[in-house]
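Data block below; observations after.
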Amino acid sequence: MGLQRLMWMQHHRRHHQIQPHVPTVEIWAHIHSLLSLRDAARAACVSHLFQRSWKCHPDLTFSKETIFDENLYRKNKTSDKTTSDLVRIIYRILKNHSGNGVKALRLEIDDVANISACYLNDWLHLAVKPGIEELALLLHDDLDYNFPCSILLNGIANTIRDLRLSSCVFRPMAGFSCLRSLTSLELSEVYITGDELGCLLSCSLALEELVLTYCKEIACLKIPCALQRLSQLVVTNCENLEVIKSKAPNLTVFEYTGGVVEVSIGDAVLDIMISASGWNVVHYARAKLPQMVPNLETLDMTSSLATDIPFLPGKFLHLKHLCIFFMVSAGAFCPDYDYFSLVSFLDACPSLETLMLSVTQQSVEHDSVLGDSSHLRQMPGHCHGSIKDVKIIGFCSAKSMVELTVHILENAVSLERLTLDTVCYDLRCSDGASGCSVGNMNMIMEARKALVVVRSYILEKVPSTVELNVVEPCSQCHAVEN
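In case it helps, UniProt numbering puts the sequence shown at residues 1 to 482.
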């Protein structure tokens with residue numbers, strides 16, 4: 001029995017010494033699949049194992065940067081020869097590829113005007129096979145290319161989870177129902193109508209994220225309630241858009257950049273970012289959003305327009321983070337605007353923990369508190385019990401801004417930190433710019449006045465429990481002025 005046990009152990013040991021060779025092949029193939037396209041091709045030239053693996057490489061990313069040597073690409077970025085070489089290399093790779101195992105195809109073409117549409121069609125038909133999960137066709141400045149929807153029919157694209165298209169025409173037809181696994185859809189500068197997009201969305205029941213950028217044919221965006229998994233909607237600069245209506249029951253993040261639109265997004269939204277042009281978005285948010293999105297937790301707004309905020313009955317009972325960015329591209333922010341009216345917004349947010357107010361302008365036309373001998377306005381009886389962190393960027397000597405700051409110090413009983421930044425982000429030369437331009441000198445002088453205001457009106461109001469951070473102009477600004 002002892003001899004039999006010894007013989008069995010030796011046989012077992014020999015067996016395990018031989019077996020690892022099979023999984024080792026699989027391990028090396030897996031490692032090869034993780035390499036970039038260029039590195040995987042190089043490895044295939046020196047190894048039979050990698051050569052076999054190369055024919056099934058799962059990640060095909062084609063662009064000048066990924067195919068060509070970096071120095072050569074920079075030198076010949078706009079060369080016609082570089083474009084013809086790109087076409088030849090992509091064709092050779094795709095024709096040598098088995099067509100099996102492709103998980104991701106990314107085609108990024110800069111000078112698409114020099115590449116025939118038939119090339120793009122051939123490449124897509126060669127690479128888009130059953131099992132593909134990610135498809136990105138990123139063209140630049142050519143909106144005449146018609147994306148061939150036929151490659152997504154007959155069940156070929158049932159496994160696509162991520163679809164990104166840019167600068168092309170995309171016309172999903174009626175009955176289009178093949179993207180059942182799609183979780184992320186991103187369209188940038190794509191010609192597609194609202195009805196065509198609706199047709200696509202109606203069958204994409206697994207969709208979780210929808211991003212639309214510069215899609216100017218869409219006038220009405222309607223999202224059906226069937227999209228139970230949709231959690232994020234991003235709409236940016238779709239210039240003819242008039243209406244956004246979402247019935248997706250679990251949409252939690254909504255981001256919008258553009259002009260005035262009619263919005264209806266459901267009551268499950270927790271985070272909203274709106275950057276609006278020609279739209280008094282701060283006033284709109286205060287008046288409309290408490291009823292529309294009662295569970296809102298984060299609100300981020302950017303606007304160049306503003307009017308005083310009245311006290312209204314609706315409240316943001318769950319809002320914890322509020323960011324308000326006032327930006328003007330030239331000149332000064334409206335001198336009639338009363339920053340002190342933002343107390344109305346604070347009063348509507350009993351759970352608010354962080355507040356950021358940022359004002360970007362090239363000059364200040366508000367009345368300065370330094371030239372006004374009257375007393376600062378007060379608003380007694382308003383206790384902001386949850387605010388812990390307040391940051392004001394572009395803090396200036398405007399009397400109404402000083403009144404707002406003093407009000408917060410006197411009524412935010414939980415306040416832990418107050419940051420007053422006297423220079424807005426885009427004027428700070430220590431952040432990477434070569435130096436403050438002459439046109440910004442008036443704001444540097446205003447920052448100096450703001451420092452005087454802090455010493456004269458703010459310091460004495462700061463409780464011992466509050467950390468005050470005052471950000472001054474950088475040393476390069478001082479050097480320029482001197």
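Positions of the beta carbon are idealized from the N, C-alpha and C atoms, including for glycine.
Bear in mind that the values here come from a model prediction, so they are computed numbers and not experimental data.
Backbone CA spacing between residue i and residue j [nearest angstrom]
| i | j | result |
| --- | --- | --- |
| Thr465 | Leu355 | 18 Å |
| Ala306 | Arg164 | 36 Å |
| Phe316 | Val243 | 24 Å |
| Cys424 | Gln362 | 10 Å |
| His32 | Ile160 | Since pLDDT at His32 reaches only 49, below the 50 mark, its modelled position is unreliable, and the value read off the structure follows with that caveat. Cα to Cα, His32 sits roughly 23 Å from Ile160. |
| Leu342 | Glu255 | 23 Å |
| Ile67 | Met292 | 49 Å |
| Ser167 | Asp389 | 43 Å |
| Ile218 | Met173 | 16 Å |
| Ile192 | Cys149 | 13 Å |
| Leu197 | Cys203 | 10 Å |
| Glu65 | Pro313 | 56 Å |
| Ala248 | Cys474 | 48 Å |
| Ala117 | Ala127 | 16 Å |
| Ser63 | Ile109 | 6 Å |
| Ser114 | Trp123 | The residue you asked about is not Ser; residue 114 is Asn in the sequence shown. In a straight line, the C-alpha of Asn114 is about 16 Å away from that of Trp123. |
| Glu467 | Ile387 | 13 Å |
| Arg455 | Gly394 | 17 Å |
| Glu446 | Asn280 | 26 Å |
| Val261 | Phe325 | 19 Å |
| Ala412 | Asp141 | 52 Å |
| Lys216 | Glu239 | 5 Å |
| Asn96 | Leu138 | 23 Å |
| Asp103 | Ser181 | Residue identity check: residue 103 is Lys in the sequence provided, not Asp. Taking the straight line from one Cα to the other gives about 14 Å. |
| Met379 | Val470 | 25 Å |
| Met273 | Leu205 | 25 Å |
As assigned by DSSP and simplified to three states, the class of residue i
| i | result |
| --- | --- |
| Val22 | Since pLDDT at Val22 reaches only 48, below the 50 mark, its modelled position is unreliable, and the value read off the structure follows with that caveat. The answer is helix: DSSP assigns Val22 an H, G or I state. |
| Cys323 | strand |
| Cys149 | helix |
| Tyr256 | strand |
| Arg74 | Caution applies to Arg74, whose pLDDT of 48 falls short of 50 and renders its modelled position unreliable; the model cannot decide the point. |
| Asp271 | strand |
| Met401 | helix |
| Met173 | coil |
| residue 484 | Residue 484 lies beyond the range of the chain shown here (1 to 482); nothing can be said about it. |
| Thr213 | strand |
| Asp431 | Model confidence at Asp431 stands at a pLDDT of 49, short of 50, so the residue's coordinates are unreliable; what they give is reported in the following sentence. The answer is helix: DSSP assigns Asp431 an H, G or I state. |
| Asp162 | strand |
| Ala332 | strand |
| Lys129 | coil |
| Pro463 | coil |
| Thr360 | strand |
| Pro473 | coil |
| Ser84 | helix |
| Cys220 | strand |
| Ile265 | coil |
Residue i versus the options, residue with shortest Cα-Cα distance
| i | options | result |
| --- | --- | --- |
| Tyr214 | Val234, Pro130, Ile324 | Val234 |
| His407 | Cys424, Thr422, Pro463 | Pro463 |
| Leu420 | Lys449, Ser414, Val413 | Lys449 |
| Lys320 | Cys334, Pro310, Gly259, His384 | His384 |
| Leu376 | Ser397, Leu221, Glu196, Lys95 | Ser397 |
| Leu212 | Val452, Leu241, Leu86, Leu107 | Leu241 |
| Val146 | Asp162, Tyr119, Glu134, Ala157 | The sequence given here has Asn at residue 146, not Val. When each option's Cα is compared against that of Asn146, the closest is Tyr119. |
| Gly155 | Val261, Glu133, Ile109 | Glu133 |
| Glu365 | Thr405, Ala330, Ile223, Val253 | Ala330 |
| Leu107 | Ile151, Ile115, Ser84, Thr61 | Thr61 |
| Leu296 | Val269, Asp308, Gly278 | Val269 |
| Pro130 | Leu451, Asn100, Leu138 | Asn100 |
Per DSSP, cross-strand counterpart(s) of residue i
| i | result |
| --- | --- |
| Leu418 | Val390, Leu468 |
| Cys168 | Val190 |
| Lys103 | For Lys103, which the question treats as bridged, DSSP gives no partner whatsoever. |
| Phe62 | Leu107 |
| Ile309 | According to DSSP, Ile309 bridges with nothing at all. |
| Asp300 | Met273, Cys323 |
| Leu135 | Leu105, Leu163 |
| Gln232 | Glu209, Val253 |
| Ile244 | Leu221, Val263 |
CB of residue i within 8 Å of CB of residue j, strictly
| i | j | result |
| --- | --- | --- |
| Val359 | Phe333 | yes |
| Ser400 | Tyr339 | yes |
| Leu221 | Leu251 | no |
| Glu472 | Thr405 | no |
| Leu179 | Leu135 | no |
| Thr236 | Gly259 | no |
| Thr302 | Ala285 | no |
| Cys209 | Ser188 | A small correction: the amino acid at residue 209 is Glu; Cys does not occupy that position in the sequence shown. Against a cut-off of 8 Å, the Cβ pair of Ser188 and Glu209 comes out as no contact. |
| Leu227 | Leu200 | no |
| Val282 | Ile309 | yes |
Residue i CB to nearest heavy atom of the ligand ADP below 7 Å
| i | result |
| --- | --- |
| Ala206 | Here there are no bound small molecules, and the ligand ADP is not part of this structure. |
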